[in-house]
Amino acid sequence: MEIALIGNNDKNKYLKPVLTENGFDVFLFPETEKINHIRSRENGFLIYTPDEKISKDYIIFTEKPVFNHEYKREVNKSWGKVYDITDNSIKEKDSKGLPVVFLLDIDGETDTEGTMIALKNAISIAKKLKKVYFISKTVRTGISGMEEMYLEARKSGVKFLKYTKADIDYDIDKQQFKLKVEDMFGSIGIETVALSIAGAGSMQDITAKILDDMKSKTRDNLDKYYLAGYKTSVNGIYILDGLTEEEDIKNLNKIIADIKKDRQDYYINIDEGKCAFCYNCVRVCPHAALEPDYENSCMKPVKYKCNECGSCFSVCPANAITWKEDNKTAIEGKGLFIFACENSGAVLINELIDFTKKADIGISEISCGCRIRPQDILNALKNYEKVAVITCMDGACRHIDGTEKIEKTIKRAKDRMEMLGLNKDNIYHIKASWAMPVYIKESIMSVMEDGENT
Amino acid sequence: MIVASSKPLDEIKNMLKGYKNILIAACGTCVTVCLSGGEKEANELKALLELSDEEKNITVITPKRQCDMEFLEDFESEIEKADIVLSLACGAGVQFMAEHFRENTLYPGLIPSLWALMKTKVTGLKCVRAVGTVLWKKQAVYVL
Chain B
405 MEIALIGNND KNKYLKPVLT ENGFDVFLFP ETEKINHIRS RENGFLIYTP
455 DEKISKDYII FTEKPVFNHE YKREVNKSWG KVYDITDNSI KEKDSKGLPV
505 VFLLDIDGET DTEGTMIALK NAISIAKKLK KVYFISKTVR TGISGMEEMY
555 LEARKSGVKF LKYTKADIDY DIDKQQFKLK VEDMFGSIGI ETVALSIAGA
605 GSMQDITAKI LDDMKSKTRD NLDKYYLAGY KTSVNGIYIL DGLTEEEDIK
655 NLNKIIADIK KDRQDYYINI DEGKCAFCYN CVRVCPHAAL EPDYENSCMK
705 PVKYKCNECG SCFSVCPANA ITWKEDNKTA IEGKGLFIFA CENSGAVLIN
755 ELIDFTKKAD IGISEISCGC RIRPQDILNA LKNYEKVAVI TCMDGACRHI
805 DGTEKIEKTI KRAKDRMEML GLNKDNIYHI KASWAMPVYI KESIMSVMED
855 GENT
Chain P
163 MIVASSKPLD EIKNMLKGYK NILIAACGTC VTVCLSGGEK EANELKALLE
213 LSDEEKNITV ITPKRQCDME FLEDFESEIE KADIVLSLAC GAGVQFMAEH
263 FRENTLYPGL IPSLWALMKT KVTGLKCVRA VGTVLWKKQA VYVL
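Protein chains in written order, with this note's numbering: chain B, 405 to 858; chain P, 163 to 306.
Put into C-alpha cells, the structure is as follows:
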C-alpha cells in the first residue's frame, strides 16, 4: 500500500517510521504548492504536479493545502477546526442567558448542506426557548424544503442577520465570545458563550487563531471542546493537525485502522437462496454498491463501493444480507448496553474505556445506526437493564439518514414492547458527535442515574 | 404476490398461552417482501416473546414457501416436535401446513390484506384486490 504524506514540517520524522512499521510505502511530498489538483481513481488517487502525475492509494495532509483542486473544499472543511466551538450541552443548558450564535462564514454563495445542518440545529435549540442568532452573508433557498425550514426557524424565534463584515474576539477568562457584525447600515455587538462557525471564509484565520489560543491555554481541559480531526469527507484522504506528537500518533493509528478496514472489497455477503430479489436494497443503497444478477435471480455487491453503512441490511426483508465481520463488542457489563456508531460514539471505545469498565457498561461498536434492527435491541434487553444507542446528530450521518433510521428502529421496538405491556422506557437514543466525549459521558451518566429519556 | 400485516401482538400472545415449545414458521416469499412474515419479523417476534416470558422455548424456521411441500420437507422434524406452530404465512400457507402436518395446534399469525402485483422495479406495488382475516378451523380456511 502506497501512502503520500503531504506537508513540509517536522511531523514527517515521527510519522514515517510508524507508517513503515505498518507495511506502507511512504512517499514524502513537502512541496505542497507544486500540486495542481488531485483526482480519485478506482481505488486511490492521482496527484497532478506541473511535471508528472503521481499515483498513490492514500493521502495524509500534515499541512493545510494551499493549492486549488477539486478536494480543496472537503479537505479545508475538515481541517481540524471544530465547527461547533462550544459543544451542544453548553448551548442547551448553560448559555448564561446570552444568545446562541450560528455564524455561516462563507464567502459567496452559502453551501446547501452546511446551511441545512446549521438551520436544523438552530431550530431545535430555539424550540427550547433559547435566543438564537443566525448570521450569514447570503440567504440560500436553492433547493426544495429550504424555504419551509427558514419559515419554521422564524416561527420558532430564530433571529436572522445578514452581514458584510464580522470580527470575533475571545475572552479566555470569562470564556465568552464578542462578535462585531457589520452590514451597510451599521454594526452591532453580540456576546455569547455558545458559538458555531461553519465554512472557511474570510474569518477562517481569526477563528483558527482563537482555537489555537483556546487549545494552548486550556491544554489540561482540552477534550471539553476540542479534538484534533483526522477524517475528511473523502474516503482515503486524511489530515493530521494535532498540537503534540502524542496526539498525532494517536490519530495516525486511527487512520491506519481505518485504512486496513477500507481495503475490503465487500463488507456484506448475500445469500443467493434467501434473496427474494425484491430490489429494496438497490433502491436504498446510497453508494450504488449493489446490482441485480439476473442469471441467479439475486442481488450482488459491487467491488469497492460498499461503505458499510447498513442501509441494505436494514431493509432486506429476507435476512439474506449478512456481515463479513460481526459487531465489535468492546467491553461486557450488566447494567447498560450501548450500541455506538463508529462516527460519533466510537470515541467511547478509545477515550472512555476506563470509565465504562468501572460503570458496568457493555459496548458494541456499529458502523452506522442502520446496522441494528429492533430484534438486536430486544435481545440486548434480555441481558441488560437498559439499552442506549449513540448516533450522529440530526443531518450529520456521513452515509445517509442513519440517525432517522435508528429513530424508526427504536420506535418500532418500543411500539412492539408497548403492545405486549412491557416497560419501554429503558431504551435511549443519544445524538452526539465524535468531538464531544464529555457530552457523551454526561449523557451516559444521566441514562444510568434516572429514567428520563435523553 | 400476497400482502399481509401482523395480527395484534396481544392476540398472538393469548393464542400461545400455555404452550412451552413454540415454533414460529416464517415464509420466504410474498410475506417476506411485504415485511410482515419473513425471517426478520419472525426473529423479532421471537425476541419479543422471549422478553415477555422467559420460560418459553421458541424456534424459528423459514421455508422458502409454506404452500409447497418441496420446501417444507426439510423442516418436518421441527414441526413435529413443537407443541404449537405459529405460521406467519398467508392463507394458502396456513392451509397447506395444516393439511400436511397438524390440524389443531397451528395458528395463523398474519392478516392477509391484498393481492398485489409488482408494477415496476422502482415504484413498487400495485394493489389489486382485498382479502381478509384468516381463521383456521378444521382443515378449512375461511376468508372473511
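Cβ atoms here follow ideal geometry from the backbone N, Cα and C, with glycine treated the same way.
Measure the CB-CB distance between residue i and residue j and report whether it falls below 8 Å.
| i | j | result |
| --- | --- | --- |
| VAL430/B | ILE407/B | yes |
| TYR567/B | GLU586/B | yes |
| ILE742/B | GLY773/B | no |
| ALA598/B | ALA557/B | no |
| THR267/P | ILE241/P | no |
| LYS704/B | ASP697/B | yes |
| CYS685/B | CYS710/B | no |
| ALA244/P | ILE184/P | yes |
| ASN426/B | ILE660/B | yes |
| GLU206/P | PRO778/B | yes |
| GLY640/B | TYR462/B | yes |
| GLU217/P | LYS179/P | no |
| ASN731/B | ILE770/B | yes |
| LEU231/P | CYS192/P | One detail in the question is off: residue 231/P reads as Met in this sequence, not Leu. Going by C-beta atoms, MET231/P is not nearer than 8 Å to CYS192/P. |
| TYR671/B | LYS613/B | no |
| ALA527/B | VAL562/B | Here the sequence assigns Ile to residue 527/B, which means Ala is not the residue at that position. Going by C-beta atoms, ILE527/B is nearer than 8 Å to VAL562/B. |
| ALA278/P | VAL165/P | yes |
| GLY448/B | PRO434/B | no |
| GLY714/B | ALA836/B | no |
For the alpha helix (DSSP H) that contains residue i, what are its first and last residues?
| i | result |
| --- | --- |
| LEU502/B | Here LEU502/B belongs to no alpha helix (DSSP H), and DSSP marks it neither H nor E. |
| ILE781/B | 778-787 |
| LYS819/B | According to the sequence provided, residue 819/B is Asp. The question's Lys does not apply to it. Counting along the chain, the alpha helix (DSSP H) containing ASP819/B begins and ends at 806-823. |
| GLU556/B | 550-559 |
| CYS192/P | 192-195 |
| ASP172/P | 171-178 |
| PHE233/P | 231-234 |
Go to residue i, then tell me how far its beta strand (DSSP E) extends in each direction, as first and last residue.
| i | result |
| --- | --- |
| SER591/B | 591-596 |
| PHE681/B | Here PHE681/B belongs to no beta strand (DSSP E), and DSSP marks it neither H nor E. |
| ILE576/B | Per DSSP, ILE576/B belongs to no beta strand (DSSP E) and is neither H nor E. |
| TYR642/B | 641-643 |
| MET703/B | 702-705 |
| HIS803/B | Premise fails: HIS803/B is in no beta strand (DSSP E) and is neither H nor E. |
| ALA792/B | 790-795 |
| GLU406/B | 406-410 |
Going along the chain, which residues of its own chain have a beta-carbon closer than 8 Å to the beta-carbon of residue i, five neighbours each way excluded?
| i | result |
| --- | --- |
| ASN657/B | VAL422 |
| ARG264/P | ILE241, VAL247 |
| PRO721/B | ALA680, CYS682, ASN684 |
| VAL851/B | LEU740, LYS790, ALA792, TYR832, ILE834, THR858 |
| VAL543/B | THR514, TYR554, PHE564, LYS566 |
| LYS818/B | LYS828, ILE831 |
| PHE759/B | LYS845 |
| LYS582/B | ILE572, ASP573, TYR574, ASP575, GLY593, ILE594, GLU595 |
Which residues in chain P have a C-beta closer than 8 Å to the C-beta of residue i? List them in chain order.
| i | result |
| --- | --- |
| MET823/B | PRO170, LEU171, ASP172 |
| ARG820/B | LEU171, GLU206, LEU210 |
Closer than 7 Å: is that where the CB of residue i sits relative to any heavy atom of the ligand FAD?
| i | result |
| --- | --- |
| LYS835/B | This structure lacks the ligand FAD, and indeed carries no ligand of any kind. |
Beta-carbon within less than 6 Å of residue i's beta-carbon, same chain only, minus the 5 sequence neighbours each way: which residues are those?
| i | result |
| --- | --- |
| THR194/P | GLY200 |
| THR224/P | ALA188, GLY190, GLU201 |
| CYS801/B | THR807 |
| LEU171/P | none |
| LYS420/B | VAL430 |
| ALA254/P | CYS229 |
| LEU507/B | ILE539, ILE601 |
In chain B, which residues lie with their C-beta within 8 Å of the C-beta of residue i?
| i | result |
| --- | --- |
| LYS175/P | LEU824 |
Just to make sure I have the definition right: I need the residues of chain P whose C-beta is within less than 7 Å of the C-beta of residue i. Which are they?
| i | result |
| --- | --- |
| LEU694/B | Per Cβ cutoff of 7 Å: no residues; LEU694/B is ~13 Å from chain P at best. |
| ARG558/B | Result: empty, since nearest Cβ-Cβ is about 36 Å, beyond 7 Å. |
| LYS377/B | Residue coverage of chain B in this structure runs from 405 to 858, which leaves residue 377/B outside it and unanswerable. |
| CYS682/B | VAL195 |
Residue i versus chain B: which residues are under 9 Å apart at the beta carbon?
| i | result |
| --- | --- |
| GLY271/P | Residues of chain B passing the Cβ test: none, with the nearest at roughly 13 Å. |
Using C-beta distances below 7 Å, list every residue in its chain close to residue i, excluding the 5 sequence neighbours before and after it, in chain order.
| i | result |
| --- | --- |
| THR424/B | VAL430 |
| LYS495/B | Bear in mind that the predicted position of LYS495/B carries a pLDDT of just 48, short of 50, making it unreliable; the figure below should be weighed with that in mind. Hits under 7 Å: VAL504, ILE529, ALA598. |
| CYS403/B | Only positions 405 to 858 of chain B appear in this structure, which leaves residue 403/B out of reach. |
>> Give me the subset of the segment 570-586 of chain B whose CB atoms are less than 7 Å from a CB atom of chain P, sorted by chain position.
In response: none
>> Output needed in chain order: residues of the segment 228-254 of chain P with a Cβ under 7 Å from some Cβ in chain B.
In response: none
> Between the segment 202-226 of chain P and chain B, which residues of the former have a C-beta closer than 7 Å to a C-beta of the latter?
Replying inline: LYS202, ASN205, GLU206, ALA209, LEU210, GLU212, LEU213, SER214
> Got a sec: which bits of the segment 178-198 of chain P sit with their beta carbon under 7 Å from any beta carbon on chain B, in order along the chain?
Replying inline: GLY190, THR191, THR194, VAL195, LEU197
>> Under 9 Å, CB to CB, which of the residues in the segment 768-798 of chain B have a partner in chain P?
In response: Listed by position, the residues of the segment 768-798 of chain B near chain P (Cβ gap below 9 Å) are ARG777, PRO778, GLN779, ASP780, ILE781, LEU782, ASN783, LEU785, LYS786.
> Using a Cβ cut-off of 8 Å, which residues of the segment 714-745 of chain B contact any Cβ in chain P, in chain order?
Replying inline: CYS720, PRO721, ALA722, ASN723
> Looking at chain P, which residues of the segment 436-465 of chain B have a Cβ within less than 8 Å of any of its Cβ atoms?
Replying inline: The residues in question: there are none.
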